[in-house]
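J.: Take a look at the following structure, please.
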Amino acid sequence: MYQAFVVKYGEIGIKGKNRAIFEDALIHNIVVSLKNVEGKFLVEKEQGRVYVEAQGEFDYEEALTALERVFGIVEICPAVLTEDKGFDVLADEIMEYIDETYAEKNFTFKVFAKRARKNYPLDSMTIAREMGGRILEKFPSLQVDVHEPQVSIHIEIRERISFYSESFPGAGGMPVGTNGRAMLLLSGGIDSPVAGHMIAKRGVAIDATYFHAPPYTSERAKQKVVDLAKIVARYSGPIRLHIINFTDIQLAIYEKCPHDELTIIMRRIMMYLAEHFAKEDGDLGLVTGESIGQVASQTMSSMFVTNDAATMPVYRPLVGFDKQEIIERSIKIGTYDTSILPYEDCCTIFVAKHPVTKPRLDAIKRSESKLDEVLPDLMKAAIDSTETIWVKAED
Ligand code: ATP
Ligand code: MG
198 MYQAFVVKYG EIGIKGKNRA IFEDALIHNI VVSLKNVEGK FLVEKEQGRV
248 YVEAQGEFDY EEALTALERV FGIVEICPAV LTEDKGFDVL ADEIMEYIDE
298 TYAEKNFTFK VFAKRARKNY PLDSMTIARE MGGRILEKFP SLQVDVHEPQ
348 VSIHIEIRER ISFYSESFPG AGGMPVGTNG RAMLLLSGGI DSPVAGHMIA
398 KRGVAIDATY FHAPPYTSER AKQKVVDLAK IVARYSGPIR LHIINFTDIQ
448 LAIYEKCPHD ELTIIMRRIM MYLAEHFAKE DGDLGLVTGE SIGQVASQTM
498 SSMFVTNDAA TMPVYRPLVG FDKQEIIERS IKIGTYDTSI LPYEDCCTIF
548 VAKHPVTKPR LDAIKRSESK LDEVLPDLMK AAIDSTETIW VKAED
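One rule links them: number in this note's numbering = place in the sequence shown (from 1) + 197.
Here is the structure:
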């Protein structure tokens, strides 16, 4: 019976000019998110709320799920949206709503009214009291409980009037796009998609780089990363994905550098290349799925050495998480089942049996300098042969 949703967003830090930017980004992202939902929707803002109004038939569950993924939303309330035709008409509509929504008329309730449009003839207190009285008159088996009502009936008066009694928590965070863009190093693993989701939650739009090593890594390993990007894009919006052929660089490292340092040198070169595309795309930082101590390449010493290769800030949203916490998040956002598909990764193919866990920057740089003659050309070739695609959420 709902044809609309009242969308509530946090208001902290979005005063003045920022508020319009925040709201417009939120509306844009809601529209994008609803594109894959059956139905047509009108999305509008009015006095601190966003209304999502279905135009005719629509898939309620799908619409709710789509809204639950949009960052910046605090609460989603399936609502009835109506025009102001006077208090008596509103009362009739609310009685009908209660009658249809609650088959059993045996609950306690409280009416919450909010008069955001000040020229409405009744103030909030009066609306709540008067509507409460009428509800009791119409449904004598109901009871008012102002402290712990089982059902909270909200009435909000703006140009249009909305009422609702159900609500779902939103994803929180900030609308993607309100906080610049960053370059995510996206592998086929469990961690980096979760890192992408977390950075997007802070309002950051995502570009991504994926390094593969054909023919050592397969087409389906690449497809897996595209599939992961599709899932992250449900939350972040479309992702520009650069697929970089890393084979010749890896072979050169393998040939010229000590094998226990392969991974760390490879990581540094990934940073160079990711940063190249980050600059092209207007990104203000790099993002990885690293977490302190998780593997040899993620000790404090290793990250010190990797980080040195980047000039941009490197964000590591998972830095303090245990693997189990990361897994729980990946299950929740829907990337886990794809991440655990057992396809080969470029890093595991050339990996050493006993990688250094306490690399020293000067030593690694010395080893890396063995590539000096070939690296510029190899990097140029990798950049020139990079395939860039836009990845959108699945229809
Ligand atoms: P993930 O689950 O994200 O693959 P991981 O636990 O396997 O992480 P590593 O393989 O050490 O850890 O990778 C650390 C980070 O480096 C990844 O989270 C990712 O951001 C980046 N990375 C690793 N391999 C690749 C790759 N092939 N393409 C792009 N980024 C990569
Ligand atoms: Mg990995």
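Just so you know, even glycine gets a beta-carbon here, dropped at the ideal spot from N, CA and C.
If you're wondering where the values come from, they're calculated on a predicted model, not measured in any experiment.
Rounded to the nearest angstrom, how far is the Cβ of R464 from that of S494, given a contact under 8 Å?
T.: Counting from 1 along the sequence shown, the entry for residue 464 is found at position 267. Counting from 1 along the sequence shown, the entry for residue 494 is found at position 297. Right, their Cβ atoms sit about 6 Å apart.
J.: Any idea if R526 is buried or exposed, counting beta-carbon neighbours within 10 angstroms, 16 or more meaning buried?
T.: One-based indexing of the sequence shown puts residue 526 at position 329. Its Cβ being crowded by 16 or more others within 10 Å, R526 is buried.
J.: Within the continuous beta strand (DSSP E) that includes A276, where are the two ends?
T.: In the sequence shown, residue 276 corresponds to position 79, counting from 1. Run containing A276: 270-279, per the beta strand (DSSP E) assignment.
J.: Would you mind working out which of I462, A475, P573 sits nearest D505, comparing C-alpha positions?
T.: Your numbering for residue 505 matches position 308 in the sequence shown. Among I462, A475, P573, the Cα nearest to that of D505 is on I462.
J.: Opposite A379 in the DSSP bridges: which residues?
T.: Taking the first residue of the sequence shown as 1, we reach residue 379 at position 182. A379 is bridged to I403.
J.: With DSSP as the reference, please indicate the residues paired to E250 in a beta bridge.
T.: Start at 1 with the first residue of the sequence shown, and residue 250 comes out as number 53. For E250, which the question treats as bridged, DSSP gives the partners A201, L239.
J.: For a test of the three-state rule: what should DSSP assign to Q521, helix, strand or coil?
T.: Counted from its first residue, the sequence shown places residue 521 at position 324. Three-state DSSP puts Q521 in a helix.
J.: What is the DSSP secondary structure of Q495, counted as helix, strand or coil?
T.: For the purposes of this step, residue 495 is taken as residue 298 along the sequence shown, with counting starting at 1. Correct three-state label for Q495: helix.
J.: Less than 8 Å between the beta carbons of K237 and G253, yes or no?
T.: Taking the sequence shown and counting its residues from 1, the one referred to as residue 237 is at position 40. Taking the sequence shown and counting its residues from 1, the one referred to as residue 253 is at position 56. Cβ atoms of K237 and G253: closer than 8 Å.
J.: Below 7 Å, is the gap between the Cβ of L448 and the nearest heavy atom of ligand 1?
T.: Stepping through the sequence shown from its first residue, residue 448 is reached at position 251. Incorrect: L448 has no Cβ contact closer than 7 Å to ligand 1.
J.: Within 7 Å: the Cβ of G386 and any heavy atom of ligand 1?
T.: In the sequence shown, the residue the question calls residue 386 occupies position 189. Under cutoff, so the answer is yes.
J.: Return helix, strand or coil for M509, following the three-state DSSP convention.
T.: As a working mapping, residue 509 is identified with position 312 in the sequence shown. Three-state DSSP puts M509 in coil, outside helix and strand.
J.: Please state whether the Cβ-Cβ distance between K593 and D342 is less than 8 Å.
T.: The structure shown has nothing for residue 593, since the chain only spans 198 to 592.
J.: Tell me whether the beta-carbon of D404 lies closer than 8 Å to the beta-carbon of R378.
T.: Numbered from 1 along the sequence shown, position 207 holds the residue referred to as residue 404. Numbered from 1 along the sequence shown, position 181 holds the residue referred to as residue 378. Yes, the Cβ-Cβ distance between D404 and R378 is below 8 Å.
J.: Cβ-heavy atom distance between Y413 and ligand 1 below 7 Å?
T.: Residue mapping note: residue 413 aligns to position 216 of the sequence shown, counting from 1. No; taking the cut-off as 7 Å, the Cβ of Y413 has no heavy atom of ligand 1 nearer than that.
J.: Under 7 Å from any heavy atom of ligand 1, does the C-beta of Q495 make it?
T.: Locating residue 495 in the sequence shown gives position 298, where the first residue counts as 1. Under cutoff, so the answer is yes.
J.: Can you tell me whether DSSP reads K311 as helix, strand or coil?
T.: Position 114 of the sequence shown, counting from 1, holds the residue named residue 311. If DSSP states are grouped into helix, strand and coil, K311 belongs with the strands.
J.: Counting only runs that start and end within the stretch 384-437, where is the alpha helix (DSSP H) found for 4 or more residues in a row?
T.: Listed in chain order, they are 388-398, 416-433.
J.: Closer than 7 Å: is that where the CB of F408 sits relative to any heavy atom of ligand 1?
T.: The residue given as residue 408 occupies position 211 in the sequence shown. For ligand 1, at least one heavy atom lies less than 7 Å from the Cβ of F408.
J.: Where Q420 and G531 are concerned, what is the direct C-alpha to C-alpha distance, given to the nearest angstrom?
T.: Locating residue 420 in the sequence shown gives position 223, where the first residue counts as 1. Locating residue 531 in the sequence shown gives position 334, where the first residue counts as 1. If you take the alpha carbons of Q420 and G531, they lie about 16 Å apart.
J.: Any heavy atom of ligand 1 closer than 7 Å to the Cβ of E487?
T.: For the purposes of this step, residue 487 is taken as residue 290 along the sequence shown, with counting starting at 1. E487 Cβ: within cutoff of ligand 1.
J.: Within the continuous beta strand (DSSP E) that includes T585, where are the two ends?
T.: What you label residue 585 is simply residue 388 of the sequence shown in a count that begins at 1. Here the beta strand (DSSP E) through T585 covers 584-588.
J.: Around the Cβ of S582, are there at least 16 other Cβ atoms within 10 angstroms (buried) or fewer (exposed)?
T.: Along the sequence shown, read from residue 1 onward, the residue named residue 582 stands at position 385. Exposed, because fewer than 16 other Cβ atoms sit within 10 Å of the Cβ of S582.
J.: Using only CA atoms, which one of I441, E243, R437, G400 lies nearest to P411?
T.: The count along the sequence shown starts at 1 and reaches residue 411 at position 214. Ranking the options by Cα distance to P411, first place goes to I441.
J.: Taking 7 Å as the limit between beta carbons, can you name the residues of its chain near Q447, skipping five residues before and five after?
T.: Numbered from its first residue, the sequence shown carries residue 447 at position 250. Contacts found: A410, M463, C543, F547.
J.: Between T305 and S349, what straight-line distance do the alpha-carbon atoms span, to the nearest angstrom?
T.: For this step, residue 305 is matched to residue 108 along the sequence shown. For this step, residue 349 is matched to residue 152 along the sequence shown. Looking at the two C-alpha atoms, the distance is approximately 9 Å.
J.: Return the Cβ separation of T406 and F474 in integer angstroms, given the expectation that the two are a contact with Cβ distance under 8 Å.
T.: Taking the sequence shown and counting its residues from 1, the one referred to as residue 406 is at position 209. Taking the sequence shown and counting its residues from 1, the one referred to as residue 474 is at position 277. At roughly 6 Å, the Cβ-Cβ gap stays under 8 Å, so T406 and F474 are in contact.
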